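**Q** Each residue of the sequence shown is one higher than the last, beginning at 142 in our numbering.
Pasting a structure here, questions to come.
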Amino acid sequence: MIKQKNVSYDYTICDFLSLVYLGLPVFIFFACFAKVWIGFSAIIILSYILYKIIKRTQWKLDGNIKLLFLVFAISSIWVLLSGGLFGVSQNYDWVKHNAILNVLSHNSWPVNTENGNMRYYLGWYLTPALVMKLFNGNGGILISFIWSLIGVVLFFWGVISNIKSKLNASIVILTFIFFSGADNVGYLITKFQVDLPLHFEWWAGWIEYASNTTSLFWVQQHAIPGWIGITILLKRLDSNNLQGGLLAMLLIFIAFWSPFVAVGLLPFVLPILSRFGLYKSIVNIENIIVSVVVGLPIVLYLLSNTGEIISGPIWSNRCTIIQNAPCFTISSFFLFLALEIGGAVLVMLTCKTNIPKSFLIISVVSLCLIPLYKVGPLNDFAMRASIPGIAVLALACGKALVYTNWPKKLIPLLVVLIGIGIPLGEMYRGIFILKTDFEKATIKDLTGGNEIFLQQYFTEKSIWVLRDSK
Numbered sequence: 142m143i144k145q146k147n148v149s150y151d152y153t154i155c156d157f158l159s160l161v162y163l164g165l166p167v168f169i170f171f172a173c174f175a176k177v178w179i180g181f182s183a184i185i186i187l188s189y190i191l192y193k194i195i196k197r198t199q200w201k202l203d204g205n206i207k208l209l210f211l212v213f214a215i216s217s218i219w220v221l222l223s224g225g226l227f228g229v230s231q232n233y234d235w236v237k238h239n240a241i242l243n244v245l246s247h248n249s250w251p252v253n254t255e256n257g258n259m260r261y262y263l264g265w266y267l268t269p270a271l272v273m274k275l276f277n278g279n280g281g282i283l284i285s286f287i288w289s290l291i292g293v294v295l296f297f298w299g300v301i302s303n304i305k306s307k308l309n310a311s312i313v314i315l316t317f318i319f320f321s322g323a324d325n326v327g328y329l330i331t332k333f334q335v336d337l338p339l340h341f342e343w344w345a346g347w348i349e350y351a352s353n354t355t356s357l358f359w360v361q362q363h364a365i366p367g368w369i370g371i372t373i374l375l376k377r378l379d380s381n382n383l384q385g386g387l388l389a390m391l392l393i394f395i396a397f398w399s400p401f402v403a404v405g406l407l408p409f410v411l412p413i414l415s416r417f418g419l420y421k422s423i424v425n426i427e428n429i430i431v432s433v434v435v436g437l438p439i440v441l442y443l444l445s446n447t448g449e450i451i452s453g454p455i456w457s458n459r460c461t462i463i464q465n466a467p468c469f470t471i472s473s474f475f476l477f478l479a480l481e482i483g484g485a486v487l488v489m490l491t492c493k494t495n496i497p498k499s500f501l502i503i504s505v506v507s508l509c510l511i512p513l514y515k516v517g518p519l520n521d522f523a524m525r526a527s528i529p530g531i532a533v534l535a536l537a538c539g540k541a542l543v544y545t546n547w548p549k550k551l552i553p554l555l556v557v558l559i560g561i562g563i564p565l566g567e568m569y570r571g572i573f574i575l576k577t578d579f580e581k582a583t584i585k586d587l588t589g590g591n592e593i594f595l596q597q598y599f600t601e602k603s604i605w606v607l608r609d610s611k
């Protein structure tokens with residue numbers, strides 16, 4: 142918190158821009174998809190909360206300008222390596238991403254095609270799709286690259302805002318990029334790998350915890366809001382003020398990007414609840430109004446005719462749809478936890494991380510519990526809800542490398558080196574192995590016309606929240 146002339150500035154430029162970044166697609170949704178009276182009400186209340194935050198924002202650049210250039214340079218290289226530009230190939234999830242962008246940019250809003258009304262979490266997609274409309278639906282690769290780059294820059298900016306040294310900032314950022322569980326060790330044990338070169342993170346067969354680089358390269362719509370959400374919550378824990386409505390607004394924004402990531406972030410609200418109390422954190426008039434006026438329409442939209450989704454305790458549906466993949470067992474569960482988070486837990490117990498103890502505990506506990514519940518044939522819940530917790534582990538290792546003295550510094554160094562082959566493999570595959578071009582992908586390319594797959598993105602039923610399509 143910054144004080145000046147008896148005014149408390151509880152938010153930085155980075156904080157405010159991060160909220161705007163997450164919230165922009167929600168504003169677009171209410172302006173262009175929702176019924177006018179629903180959209181108008183939501184936009185008014187969101188604008189009011191953001192205005193209150195603006196009044197408490199310190200409009201002075203937080204962080205050394207040279208550090209911001211460093212953040213931009215590293216972020217640019219990382220996002221470029223995710224594929225699509227300069228000959229780097231995109232991974233196969235980009236069939237979906239580009240298909241959705243193309244549907245959004247080539248159709249009037251709300252989207253209603255021969256497949257029905259589009260119903261999907263559109264947080265990452267709406268802003269680049271709106272810009273693509275200005276270019277007749279073209280330029281999706283470049284536009285989505287810029288959009289993701291902005292998000293990654295905002296995240297790393299928030300992470301290093303209290304770090305003065307370029308070397309220390311570089312260590313924290315690069316550790317985050319190259320952090321991974323010991324998936325290569327898991328592969329040596331199970332000898333199982335999905336049919337994709339250098340992709341070892343499915344070694345357990347029934348679950349995957351993705352490295353940060355894997356998440357960025359495959360599912361930017363999940364990764365970026367999870368990372369930004371963690372930095373915003375960390376900063377709120379370190380402040381003396383919590384704007385009413387902020388928590389509800391933040392979680393709704395992130396749910397529109399990724400419902401499972403929003404679930405993964407929920408436990409990290411508990412330390413803020415403990416710090417500021419129940420009323421100021423949760424049960425205040427602004428949170429209630431935001432939840433009803435903004436949250437309810439978003440929930441109704443996302444849950445409209447979602448179809449039959451596999452869900453339940455992992456022991457009731459122990460296997461994924463991956464052919465010949467190992468299934469859940471008690472022993473594989475403990476082996477999975479040991480290899481995925483064991484090293485980071487050792488770092489937390491032995492090193493100085495400069496991350497609140499409450500966040501460290503929540504990250505470990507949540508990552509231990511997430512595997513016990515399954516949603517989706519590929520256990521999508523575990524892959525996405527784990528993103529915030531994995532981000533905390535990565536930041537803990539990075540900051541331990543900065544703030545811990547030798548010889549204990551060897552512990553986080555070894556943890557990073559053991560897992561570094563996973564993100565390096567993701568980078569190598571896109572540059573040297575894959576030869577893909579998904580820029581013109583269509584929904585048919587994505588689903589093959591299969592009705593079961595189409596239900597993930599479209600519903601033939603009307604969606605009450607949406608206005609009539611033109």
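By construction, the Cβ of each residue, glycine as well, lies at the ideal position given by its N, Cα and C atoms.
Please read all numbers here as calculations on a predicted model, not as lab measurements.
Taking C-alpha atoms, which residue in 373, 419, 347, 565 lies nearest to residue 467?
**A** Closest by alpha carbon: 347.
**Q** Can you check which of these residues, 317, 286, 290, is closest to residue 301 by C-alpha distance?
**A** That would be 317, whose Cα lies nearest to the Cα of residue 301.
**Q** Find out if the Cβ-Cβ distance for the pair residue 528, residue 323 is shorter than 8 Å.
**A** Going by C-beta atoms, residue 528 is not nearer than 8 Å to residue 323.
**Q** Okay, do the region 329-341 and the region 257-275 touch, 3+ Cβ pairs below 8 Å being the bar?
**A** No, the region 329-341 does not touch the region 257-275.
**Q** Would you report the Cα separation of residue 460 and residue 212, rounded to the nearest angstrom?
**A** So the alpha carbons of these two residues sit roughly 41 Å apart.
**Q** Can the beta-carbon of residue 295 be found less than 8 Å from the beta-carbon of residue 162?
**A** Going by C-beta atoms, residue 295 is nearer than 8 Å to residue 162.
**Q** Using the beta-carbon count (16 or more within 10 Å), is residue 254 buried or exposed?
**A** Exposed is the call here.
**Q** Out of curiosity, what's the CA-to-CA distance linking residue 480 and residue 288?
**A** Their backbone Cα atoms lie some 34 Å apart in a straight line.
**Q** Whole alpha helix (DSSP H) runs in the region 356-440 with 4 or more residues, listed along the chain?
**A** Entirely contained in the region 356-440, the alpha helix (DSSP H) runs reaching 4 residues are, in chain order, 361-378, 387-398, 400-406, 411-417, 419-422, 426-431.
**Q** Note down the Cα distance separating residue 398 from residue 171, rounded to an integer number of angstroms.
**A** Between residue 398 and residue 171, the C-alpha separation is close to 14 Å.
**Q** Is the CB-CB distance between residue 439 and residue 393 below 8 Å?
**A** Contact: yes.
**Q** Which residue from 482, 241, 382 puts its Cα closest to that of residue 557?
**A** Checking every option, the nearest Cα to that of residue 557 belongs to 482.
**Q** Is residue 425 closer than 8 Å to residue 385 when the C-beta atoms are compared?
**A** Yes, these two residues count as a Cβ contact at 8 Å.
**Q** Checking 8 Å against the spacing of the C-beta atoms, do residue 521 and residue 341 come in under that value?
**A** Cβ distance not < 8 Å, so residue 521 and residue 341 don't count as in contact.
**Q** Rounded to the nearest angstrom, what separates residue 143 and residue 223 at their Cα positions?
**A** In this prediction, residue 143 has a pLDDT of 48, which is less than 50 and means its spatial position is unreliable; what the coordinates show is noted afterwards. For residue 143 and residue 223, the distance between alpha carbons rounds to 37 Å.
**Q** Can you give, in chain order, each stretch of the beta strand (DSSP E) that sits fully within the region 240-266 and has at least 3 residues?
**A** Taking only runs of at least 3 residues, the beta strand (DSSP E) segments lying wholly in the region 240-266 are 257-259.
**Q** Between which two residues does the beta strand (DSSP E) carrying residue 189 extend?
**A** Here residue 189 belongs to no beta strand (DSSP E); instead the alpha helix (DSSP H) covers 177-196.
**Q** Compute the Euclidean distance between the alpha carbons of residue 573 and residue 536, then round it to the nearest angstrom.
**A** If I take the Cα positions, the gap works out to 29 Å.
**Q** Report yes if the C-beta distance between residue 391 and residue 367 is below 8 Å; otherwise report no.
**A** No, the pair does not count as a contact, with Cβ atoms beyond the cut-off.
**Q** Whole-angstrom Cβ separation of residue 312 and residue 484, contact assumed at under 8 Å?
**A** About 17 Å separates the two Cβ atoms, so there is no contact after all.
**Q** Just to confirm before moving on: does the CB-CB distance between residue 327 and residue 282 stay below 8 Å?
**A** No, Cβ-Cβ distance for residue 327 and residue 282 is not below 8 Å.
**Q** Where does residue 354 sit, in a helix, a strand or coil, going by DSSP?
**A** Of the three classes helix, strand and coil, the one that applies to residue 354 here is helix, per DSSP.
**Q** Is the region 498-507 touching the region 543-551 in the sense that three or more CB pairs, one from each, lie closer than 8 Å?
**A** No, the region 543-551 is not in contact with the region 498-507.
**Q** Check this for me: beta carbons of residue 238 and residue 278, under 8 Å apart or not?
**A** Contact: no.
**Q** Assuming residue 475 contacts residue 456 under a Cβ cut-off of 8 Å, what Cβ separation, rounded to an integer in Å, is found between them?
**A** About 14 Å; that fails the 8 Å criterion.
**Q** Cβ atoms of residue 274 and residue 207: under 8 Å apart, would you say?
**A** For residue 207 and residue 274, no; Cβs fall outside 8 Å.
**Q** Tell me the start and end of each unbroken alpha helix (DSSP H) in the region 261-318 that is at least 4 residues and wholly inside, in chain order.
**A** DSSP runs (the alpha helix (DSSP H)) wholly in the region 261-318: 267-275, 281-301.
**Q** Using the C-alpha atoms, what's the distance from residue 478 back to residue 509?
**A** Each residue's alpha carbon lies about 7 Å from the other.
**Q** Which residues bound the alpha helix (DSSP H) around residue 564?
**A** 562-569 is the extent of the alpha helix (DSSP H) around residue 564.
**Q** Does DSSP classify residue 498 as helix, strand or coil?
**A** Helix, per DSSP.
**Q** Label residue 589 either buried or exposed according to how many other C-beta atoms from any shown protein chain fall within 10 Å of its C-beta, with 16 as the threshold for buried.
**A** Counting Cβ neighbours within 10 Å, residue 589 comes out exposed, since fewer than 16 surround it.
**Q** Determine the contact status of residue 490 and residue 428, defining contact as a CB-CB distance below 8 Å.
**A** No, these two residues do not count as a Cβ contact at 8 Å.
**Q** Is residue 214 buried or exposed, if buried means 16 or more other CB atoms sit within 10 Å of its CB?
**A** Exposed, because fewer than 16 other Cβ atoms sit within 10 Å of the Cβ of residue 214.
**Q** List, from N- to C-terminal side, the alpha helix (DSSP H) runs of 4 residues or more that fit wholly inside the region 482-543.
**A** Listed in chain order, the complete alpha helix (DSSP H) runs (minimum 4 residues) inside the region 482-543 are 498-510, 521-526.
**Q** Starting from the C-beta of residue 407, find all residues in its chain whose C-beta is less than 8 Å away, skip the five residues before and the five after it, and write them out in chain order.
**A** Taken in chain order, the residues that qualify are 392.
**Q** Give me the Cα-Cα distance between residue 350 and residue 249, rounded to the nearest whole angstrom.
**A** Cα-Cα distance, rounded: 37 Å.
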